[in-house]
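Below is one structure, written out as structure tokens; the observations come after it.
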Amino acid sequence: MSSENNPSSSSASRSSKRPFDLLGRSLHDLRISVTDRCNFRCTYCMPKSVFGAGHRFMPRKELLTFEEIRRLVSIFVSHGVRKIRLTGGEPLLRQNLDALVRMLGEIDGVDDLTLTTNASLLSAQRAEELHAAGLRRLTVSLDALDDGIFSSMNDMGVSVRPVLEAIDHAERAGFASIKINMVVQRKVNDSDILPMARRFKGTPHIVRFIEYMDVGSTNGWRLDDVVPAEEIIRIIDREHPLEPLEPNYAGEVARRWRYVDGDGEIGVITSVTRPFCGACSRARLSAEGRLYTCLFATRGFDLRSLLRGGIDDEALANAIASRWRQRDDRYSELRSEMTLSEGATTEERPRIEMSYIGG
Ligand code: SAM
Ligand code: SF4
Ligand code: SF4
0 MSSENNPSSS SASRSSKRPF DLLGRSLHDL RISVTDRCNF RCTYCMPKSV FGAGHRFMPR
60 KELLTFEEIR RLVSIFVSHG VRKIRLTGGE PLLRQNLDAL VRMLGEIDGV DDLTLTTNAS
120 LLSAQRAEEL HAAGLRRLTV SLDALDDGIF SSMNDMGVSV RPVLEAIDHA ERAGFASIKI
180 NMVVQRKVND SDILPMARRF KGTPHIVRFI EYMDVGSTNG WRLDDVVPAE EIIRIIDREH
240 PLEPLEPNYA GEVARRWRYV DGDGEIGVIT SVTRPFCGAC SRARLSAEGR LYTCLFATRG
300 FDLRSLLRGG IDDEALANAI ASRWRQRDDR YSELRSEMTL SEGATTEERP RIEMSYIGG
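Position 339 (the sequence shown) corresponds to 338 in numbering that gives the first Met the number 0; numbering is contiguous.
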């Protein structure tokens, strides 16, 4: 039984002083960006117009070290965090990532450790190293099966093949069920919804169709570009009937559906059409150690200065808890309430890019 369901477990007892935010939400997930760099320039995330040759990425010394990440994770776990997702930028660009996986996996209370990657750098050896280090869950981003669409979306001319090969490597290394993330943009890759569903139907892998979000301020988001999850489900259901599944746990981000013929499962992430801020228990740590309490936050709380200034664990734990207690973020719900009219863009305010804060 996982400690989440077992109130007598040691990890549960450690969380007796869990901080709650202003809307009564606890802290359960931590997404850690291990680098702001990426070898892709997905047009919806790191467009070349902004992340081109002149863009200044963080110098190495500004990144949190693995030791600093481990220390922070131990403190987050004492506040109730059970799930850690390593992300970026492209996390596989960080050298020796398997060493970090091993270090975090050894922390008592980390029940779920996972990695989100574009997988283009996931060689057979790297997949084996990560699995051997204790990683058991993997999310691979793949926006299309059509080479023309995929290479123009990643804008680096990378074809689908290395990503599909990486999925094979991961299977062989022992990753049993892989999540495949597809961000759906109207008239860009919506023609690949059905091919993606067909490709992974009958496998243990779960495609998660993600509504294109207005993160950051560089992707020129318009509501017209979003394909609502209901429409995605209708498209697939016409060819392969689907039925809804119960969530695996309260607050699960993806809505689950299974094929009626028993041939597997898909998910949809409805951040735009059915926001899920009410149950949002996620914090994000940027590669330079800033804590963000929302994907759409404008400012992060500088934990690296505290770490490097010699703060003790108790004071650091108090600082993190205090920041969480002040949290009132519910951006996606507010966006919905703003009743975006057709073709609307979102409000003009600076936001943090997803490649910086981690998806
Ligand atoms: N580079 C890795 C990757 O692509 O898997 C990890 C970082 S990426 C920021 C994490 C996830 O965020 C990816 O699945 C990506 O497709 C998703 N993402 C990025 N920008 C998005 C947007 N505007 N709307 C929805 N999802 C987005
Ligand atoms: Fe890179 Fe991932 Fe953003 Fe694409 S979505 S640009 S792969 S960080
Ligand atoms: Fe959580 Fe912010 Fe997303 Fe709402 S908008 S679900 S508060 S990250």
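Idealized CB from N, CA, C, for every residue including glycine.
From a predicted model like this one, the values you see are computed outputs, not experimental measurements.
Measuring only from the beta carbon, is residue i closer than 7 Å to any heavy atom that is part of ligand 3?
i	result
Tyr330	yes
Arg281	yes
Cys37	no
Phe174	no
Phe19	no
Pro274	yes
Leu295	The sequence as given places Phe at residue 295; Leu does not occur at that position. For ligand 3, at least one heavy atom lies less than 7 Å from the Cβ of Phe295.
Once the 5 residues before and after residue i are set aside, which same chain residues still bring their CB inside 8 Å of it?
i	result
Glu341	Residue placement at Glu341 is poorly supported in this model, since its pLDDT is 46, which falls under 50; the coordinates are not used for a value here.
Leu21	Arg324, Gln325, Arg326 and Asp327
Which residue or residues does DSSP assign as beta-bridge partners of residue i?
i	result
Tyr211	According to DSSP, Tyr211 bridges with nothing at all.
Phe300	Leu290
Tyr248	Answer is none; Tyr248 lacks a bridge partner.
Lys82	Asp28 and Asp111
Arg283	Arg30 and Tyr291
Leu137	Leu114
Gln184	Val225
Arg324	Partner(s): none; Arg324 has no beta bridge.
Glu264	Arg257
Glu242	Arg257
Lys178	Thr138 and Ile205
For residue i, which residues in the same chain have their Cβ closer than 6 Å to its Cβ, ignoring the five residues on either side in sequence?
i	result
Arg69	Met102
Ala123	His168
Ser331	Ser270, Pro274 and Cys276
Phe39	Asn117, Asn153 and Met155
Pro227	Thr272
Met0	Bear in mind that the predicted position of Met0 carries a pLDDT of just 32, short of 50, making it too unreliable to give a figure here.
His239	Tyr258
Asn188	Asp142, Ala143 and Ile148
Gln94	none
Glu61	Glu287
Starting from the Cα of residue i, find the closest Cα among the options and give me that residue.
i	options	result
Gly288	Ala98, Ile179, Glu67 and Thr297	Glu67
Asp145	Pro194, Val72 and Arg233	Pro194
Leu63	Trp323, Asp312, Leu305 and Glu336	Leu305
Ile166	Arg36, Gly156 and Lys178	Lys178
Thr269	Arg254, Glu61 and Cys41	Arg254
Gly173	Val157, Glu127 and Met155	Glu127
Arg273	Ile83, Gly133, Val72 and Glu336	Glu336
Asp191	Arg322, Asp142, Leu333 and Arg171	Asp142
Glu352	Pro18, Cys41 and His27	Cys41
Arg55	Arg36, Arg136 and Phe65	Arg36
Glu89	Ala286, Ser73 and Arg198	Ala286
Asp328	Val252, Arg135, Ala278 and Glu245	Ala278
Leu134	Phe75, Asp189, Ala98 and Cys293	Ala98
His130	Leu96, His78, Ala320 and Phe50	Leu96
Val159	Ser176, Ser140, Arg136 and Arg93	Ser140
Leu333	Leu241, Cys293 and Phe199	Cys293
Report yes if the C-beta of residue i is less than 7 Å from at least one heavy atom of ligand 1; otherwise report no.
i	result
Gly88	yes
Ser140	yes
Val225	no
Asn117	yes
Ser354	yes
Val214	yes
Tyr291	no
Ile166	no
Ile209	yes
Tell me which same chain residues have a C-beta within less than 7 Å of the C-beta of residue i, skipping the five on either side of it?
i	result
Lys16	none
Pro161	Ser119
Ser280	Arg24, Ser25, Leu26, His27, Asp28 and Gly250
Ile209	Asn180, Met181, Val182, Val183 and Ile268
Ile74	Asp312, Leu315, Ala316 and Ile319
Met57	Asp35, Ala286 and Glu287
Taking 7 Å as the line, does the beta carbon of residue i fall inside it for any heavy atom of ligand 2?
i	result
Cys44	yes
Met181	no
Arg125	no
Arg40	yes
So is the beta-carbon of residue i under 7 Å away from any non-hydrogen atom of ligand 5?
i	result
Phe300	This structure simply doesn't include ligand 5; it includes ligand 1, ligand 2 and ligand 3 instead.
Does residue i come within less than 8 Å of chain D when only Cβ atoms are used?
i	result
Arg254	Looking at the structure shown, chain D is missing, and only one protein chain is on hand.
query: Between the stretch 143-152 and the stretch 104-114, do at least 3 Cβ pairs fall closer than 8 Å?
result: The stretch 143-152 is not in contact with the stretch 104-114.
- request: Would you check if the stretch 254-265 and the stretch 198-209 touch, i.e. whether three or more CB-CB distances between them fall below 8 Å?
  value: The stretch 198-209 vs the stretch 254-265: in contact.
- prompt: Is the stretch 292-299 touching the stretch 40-53 in the sense that three or more CB pairs, one from each, lie closer than 8 Å?
  reply: The way I'd put it, the stretch 40-53 doesn't touch the stretch 292-299; fewer than three beta-carbon pairs between them come closer than 8 Å.
query: Are there three or more Cβ pairs, one per stretch, closer than 8 Å when the stretch 224-241 is compared with the stretch 180-195?
result: A contact between stretches requires three or more CB pairs, one per stretch, nearer than 8 Å, and the stretch 224-241 meets this requirement with the stretch 180-195.
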